[in-house]
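Protein chains: 2
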Amino acid sequence: MARTPRDTRTRILDAARLEFADRGFAGAGVDTIARRARVNKAMIYYHFADKQALYRETLSDLFSALTARVRAIDEALPPATRIERFIETAAGFLQQHPELPRIMLRELAEGGTHLDQETLTTMQGLALSGTAIIAQGVADGTFRPVHPVLTYFTVVGPLMMYLGGAPIRHELVRRKLFPAEGLDSESFVRHLQTFVKLGLTAGPDTRATTARRRPTRRTPGGPT
Amino acid sequence: MARTPRDTRTRILDAARLEFADRGFAGAGVDTIARRARVNKAMIYYHFADKQALYRETLSDLFSALTARVRAIDEALPPATRIERFIETAAGFLQQHPELPRIMLRELAEGGTHLDQETLTTMQGLALSGTAIIAQGVADGTFRPVHPVLTYFTVVGPLMMYLGGAPIRHELVRRKLFPAEGLDSESFVRHLQTFVKLGLTAGPDTRATTARRRPTRRTPGGPT
DNA sequence: GTCTATACCCTGATAGAC
DNA sequence: GTCTATCAGGGTATAGAC
Numbered sequence: 001m002a003r004t005p006r007d008t009r010t011r012i013l014d015a016a017r018l019e020f021a022d023r024g025f026a027g028a029g030v031d032t033i034a035r036r037a038r039v040n041k042a043m044i045y046y047h048f049a050d051k052q053a054l055y056r057e058t059l060s061d062l063f064s065a066l067t068a069r070v071r072a073i074d075e076a077l078p079p080a081t082r083i084e085r086f087i088e089t090a091a092g093f094l095q096q097h098p099e100l101p102r103i104m105l106r107e108l109a110e111g112g113t114h115l116d117q118e119t120l121t122t123m124q125g126l127a128l129s130g131t132a133i134i135a136q137g138v139a140d141g142t143f144r145p146v147h148p149v150l151t152y153f154t155v156v157g158p159l160m161m162y163l164g165g166a167p168i169r170h171e172l173v174r175r176k177l178f179p180a181e182g183l184d185s186e187s188f189v190r191h192l193q194t195f196v197k198l199g200l201t202a203g204p205d206t207r208a209t210t211a212r213r214r215p216t217r218r219t220p221g222g223p224t
Numbered sequence: 001m002a003r004t005p006r007d008t009r010t011r012i013l014d015a016a017r018l019e020f021a022d023r024g025f026a027g028a029g030v031d032t033i034a035r036r037a038r039v040n041k042a043m044i045y046y047h048f049a050d051k052q053a054l055y056r057e058t059l060s061d062l063f064s065a066l067t068a069r070v071r072a073i074d075e076a077l078p079p080a081t082r083i084e085r086f087i088e089t090a091a092g093f094l095q096q097h098p099e100l101p102r103i104m105l106r107e108l109a110e111g112g113t114h115l116d117q118e119t120l121t122t123m124q125g126l127a128l129s130g131t132a133i134i135a136q137g138v139a140d141g142t143f144r145p146v147h148p149v150l151t152y153f154t155v156v157g158p159l160m161m162y163l164g165g166a167p168i169r170h171e172l173v174r175r176k177l178f179p180a181e182g183l184d185s186e187s188f189v190r191h192l193q194t195f196v197k198l199g200l201t202a203g204p205d206t207r208a209t210t211a212r213r214r215p216t217r218r219t220p221g222g223p224t
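Same order as they appear, the protein sequences are chains A and B.
If you read the first sequence in my numbering, its first letter stands for residue 1, the second for the next number, and so on.
If you read the second sequence in my numbering, its first letter stands for residue 1, the second for the next number, and so on.
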């Protein structure tokens with residue numbers, strides 16, 4: 001069965017995603033992408049204007065898929081549930097596409113240098129969805145009065161860092177500097193969900209920073 | 001006053017820090033570093049073996065300074081206070097050296113490809129200090145029984161992402177896609193401190209994921 | 001649409017004078 | 001320790017045949 005043009009394009013994008021995640025925009029080689037895609041280098045320039053255009057399309061595809069999933073979360077659900085779903089949904093996607101968090105971490109560090117308006121706008125979709133959920137929870141009194149943007153970073157930061165940092169974390173585990181147990185993604189998602197829920201629903205005294213509540217009992221079951 | 005060799009070396013390291021933060025290892029140019037340091041390019045190769053050695057020394061310096069500060073937090077303090085201090089201390093340093101979080105985000109994404117044993121070990125110091133505090137709090141019952149490593153990422157993730165992502169966040173604010181108010185670093189630090197404290201000290205029912213506690217009153221004062 | 005061959009620039013690194 | 005000049009290689013991008 002002959003390879004269709006559509007195939008070629010897809011293979012290039014697939015390879016590009018990996019290569020850009022591995023080495024970043026500057027570090028990625030068009031030659032390497034061609035080799036990874038098992039496609040002739042000239043084909044890349046046939047399908048894409050240049051390296052940067054390829055990069056942008058890679059990111060656009062990735063981010064629009066993620067934001068689409070996040071936007072699909074039922075808006076009628078209560079904010080606490082929506083945040084939980086947001087975390088699950090995002091985490092699930094980031095696990096299916098481990099390249100995304102890595103690319104995101106880089107682009108964050110870089111200040112979006114290689115992006116155009118359109119790609120940036122696509123990336124914003126995620127932030128808008130996230131902050132909207134938080135703002136709604138604050139408005140209807142479900143959450144304590146947090147700043148939606150600050151809170152958004154508090155939720156997404158761990159997601160990106162944990163899932164994007166998987167390679168280096170595995171290295172640390174291999175070197176026995178981190179314990180191996182309890183570091184699977186499912187545990188992490190549950191941990192983050194609980195953590196965020198607690199952080200958003202105020203106990204009796206949020207303001208008194210010095211007050212310490214003594215724990216009455218140790219929660220049974222494994223660590224969250 | 002003549003420029004001492006010490007000066008030259010320092011100027012190179014200063015420039016390298018900025019350039020590596022701006023463009024990453026692959027993107028950084030030795031030529032550019034020389035220009036930024038107002039030093040002849042050959043001087044870089046006189047003081048450092050090659051680009052990679054310069055990179056490693058840059059990171060080593062940065063991370064050992066940070067971990068030194070974090071380690072200086074009084075171990076006798078109660079865990080809840082130590083975590084608070086940890087956040088303040090780290091955030092303070094990351095603001096003084098905005099290059100660090102950006103470099104860290106990149107290196108995380110890259111899996112530590114450009115690092116040697118020694119540099120990696122230095123970077124681990126931060127993680128060890130952080131997880132030690134959390135483990136102690138869990139052990140003495142101050143915190144609920146969380147996994148120290150998962151929690152560590154939950155604390156450091158927002159720090160790195162918020163402070164390292166400053167450039168792109170400013171861009172989003174400039175484009176009026178994020179509100180400008182309340183996004184200063186001090187607000188963020190307070191927000192994170194409160195959030196983490198709530199997330200670590202269990203309310204009545206941590207385990208029942210479906211149970212919802214209805215808020216009794218809106219906390220007065222600005223959002224945290 | 002696909003491939004070969006190649007132009008050309010940029011950049012890491014060094015030689016060698018002072 | 002400092003500088004000028006230069007090399008060698010790798011990388012993006014294109015021309016042009018099929």
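Note that CB positions come from ideal geometry on N, CA and C, so glycine has one too.
This one's a predicted model, so the numbers in the text were calculated from it and none came from an experiment.
Considering only beta carbons, the part of the segment 141 to 153 of chain A lying closer than 9 Å to chain B consists of Gly-141, Thr-142, Phe-143, Arg-144, Pro-145, Val-146, His-147, Pro-148, Val-149, Leu-150, Thr-151, Phe-153, in chain order. Following the DSSP letters along the chain, one finds Glu-84 of chain A inside the alpha helix (DSSP H) bounded by residues 79 to 96. When Cβ-Cβ separations below 9 Å define contact, Val-138 of chain A makes contact with chain B.
In chain order, Glu-84, Ile-87 place their CB closer than 6 Å to the CB of Gln-193 of chain B, counting only its own chain and leaving out the 5 sequence neighbours on each side.
In this structure, Val-156 of chain A lies away from Val-146 of chain A, with their beta-carbon atoms at least 9 Å apart.
If only uninterrupted alpha helix (DSSP H) runs of at least 4 residues are considered, those enclosed by the segment 107 to 187 of chain A are 117 to 139, 148 to 164, 166 to 174. Using a Cβ-Cβ cut-off of 9 Å, Gly-199 of chain A counts as an interface residue toward chain B, since at least one Cβ of chain B sits closer than that to its own. Taking C-alpha positions only, Phe-195 of chain A is separated from Pro-158 of chain A by approximately 11 Å. Cβ atoms of Met-161 of chain A and Met-123 of chain B stay farther apart than 8 Å, at about 14 Å. Residues of chain A whose Cβ lies closer than 8 Å to the Cβ of His-191 of chain B are, in chain order, Val-146, His-147, Leu-150, Thr-151, Thr-154.
In this structure, the beta-carbon distance from Arg-56 of chain A to Glu-99 of chain A does not fall below 9 Å. By the criterion of a C-beta distance shorter than 6 Å, Ser-60 of chain A is surrounded in its chain by Thr-119, Thr-122, once the five residues flanking it on both sides are discounted. Of the candidates B:Thr-113, B:Ile-103, B:Gly-130, B:Ala-21, B:Gly-130 places its Cα closest to the Cα of Ile-73 of chain B.
Rounded to whole angstroms, the gap between the alpha carbons of His-114 of chain B and Phe-143 of chain A is 43 Å. For Glu-186 of chain A, no Cβ of chain B is located within less than 9 Å of the residue's own Cβ. Close partners of Tyr-162 of chain B in chain A (Cβ separation under 7 Å): Phe-153, Gly-157. Rounded to the nearest whole angstrom, the CA to CA distance from Lys-51 of chain A to Val-30 of chain A is 7 Å. Fewer than three pairs of CB atoms, one per stretch, sit closer than 8 Å, so the segment 102 to 112 of chain B makes no contact with the segment 35 to 52 of chain B. Within chain B, the C-beta atoms nearer than 9 Å to that of Gly-182 of chain A come from His-147, Val-149, Leu-150, in chain order. The Cβ of Arg-85 of chain B sits no closer than 9 Å to any Cβ of chain A.
In the DSSP assignment, Asp-31 of chain B falls within the alpha helix (DSSP H) that extends over 30 to 37. Contact with chain B is absent for Phe-63 of chain A, since none of that chain's Cβ atoms lies less than 9 Å from the residue's Cβ. Only exposed fits Glu-186 of chain B, as fewer than 16 other CB atoms lie within 10 angstroms of its CB.
For Val-196 of chain A, the closest Cβ of chain B is nearer than 9 Å. At a C-beta separation below 7 Å, Leu-177 of chain B has these neighbours in chain A: Gln-124. Close to Leu-108 of chain A, with beta-carbon spacing below 7 Å, are these residues of chain B in chain order: Leu-105, Met-161, Gly-164, Gly-165, Ile-168. For Gly-164 of chain B, same chain residues with a beta-carbon under 6 Å away, outside a window of 5 residues either side, are Pro-101, Arg-102, Leu-105 in chain order.
Residue state for Phe-48 of chain B is assigned as coil, using DSSP reduced to three classes.
For Ala-26 of chain A, the neighbours in chain B by C-beta distance under 9 Å run, in chain order, Arg-23, Gly-24, Phe-25, Ala-26, Gly-27, Ala-28. Between Thr-58 of chain A and Arg-17 of chain A, the beta carbon gap of about 5 Å places them in contact (Cβ cut-off 8 Å). Secondary structure of Thr-194 of chain B (DSSP, three-state): helix. If you draw a straight line from the Cα of Val-70 of chain B to the Cα of Ile-134 of chain B, it is about 14 Å long.
From the listed residues A:Ala-90, A:Leu-128, A:Arg-11, A:Leu-200, the smallest Cα separation to Pro-179 of chain B is found for A:Leu-128. Linking Arg-35 of chain B to Ala-28 of chain B through their CA atoms gives a straight-line distance of about 12 Å. Residues of the same chain with a CB within less than 7 Å of the CB of Val-39 of chain B, apart from the 5 flanking positions on each side, are Thr-8, Arg-11, Ile-12 in chain order. Taking CB atoms only, Thr-4 of chain B has no neighbour in chain A less than 9 Å away.
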